[in-house]
Amino acid sequence: METTHYLITNLQKFSEDTEAVEKLKKYLDDIEVVFPTIEEVFGQAWNDDQIKIELNNSTGGAAYDSTCNPHIVKMGIYNRNIQKKYPENLWGCLFHETHHAFFNPIINNKIDKKIFNGGCEGEPFNYAFMATTYLKLKEKNKIDTQLYNFF
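Residue numbers for the sequence shown follow the working numbering, beginning at -4 and rising by one.
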């Protein structure tokens, strides 16, 4: 499965679970809808390879492998966000990891790799950019005030 910005590298492993694959496709389409807003928040268009997604059969979240080039996200195909409808599915998971894809190259070019993100604890840099993206989505009426406040 492939979109403009994402490539599932091991979908064949889950091809017999058509319901999960359909939910995943819808989820990727939903994230693609907000991708331009993420680009706007970072002040640049995505100019790198597709973000590769390696699926597993868990309900767990997604994790960005910042040591890899190209970008790789490991994600559970039964993740609770994939099960939700847009825009409630925009908390965490691939939305969160896409923000990492934009700023991890900045972090990884720093000597101590802690300048922007404060280390691994809490991820303040990522949450600041996510909050800005949510604000932009609210301003564009893509999410309502109640959901904005929830996020």
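We put the CB at the ideal spot given by N, CA and C, even for glycine. If you're wondering where the values come from, they're calculated on a predicted model, not measured in any experiment.
* Around the C-beta of residue 25, are 16 or more other C-beta atoms found within 10 angstroms, so that it is buried, or is it exposed? -> Residue 25 counts as buried, since no fewer than 16 other beta carbons sit within 10 angstroms of its beta carbon.
* To do: Inspect the CB distances between the region 28 to 39 and the region 49 to 56 and report whether three or more fall short of 8 Å.
  => As far as the Cβ criterion goes, the region 28 to 39 does not touch the region 49 to 56, which means the pair count is below three.
* To do: Specify whether the region 71 to 78 and the region 13 to 21 touch according to this definition: at least 3 beta carbon pairs, one from each stretch, less than 8 Å apart.
  => By the Cβ rule, the region 71 to 78 counts as touching the region 13 to 21, because three or more pairs are nearer than 8 Å.
* Asked: Could you give the distance in angstroms between the alpha-carbon of residue 6 and the alpha-carbon of residue 19?
  -> Distance between the alpha carbons of residue 6 and residue 19 is about 10 Å.
* Check the DSSP bridge columns for residue 67 and list the partner residues they point to. => Under DSSP, the beta-bridge partners assigned to residue 67 are 47 and 60.
* Residue from 82, 45 and 60 with nearest C-alpha to residue 2 -> When only C-alpha atoms are compared, the closest one is 45.
* Kindly indicate if chain D contains any beta-carbon less than 8 Å away from that of residue 96. => In the structure shown, chain D does not exist; there is a single protein chain.
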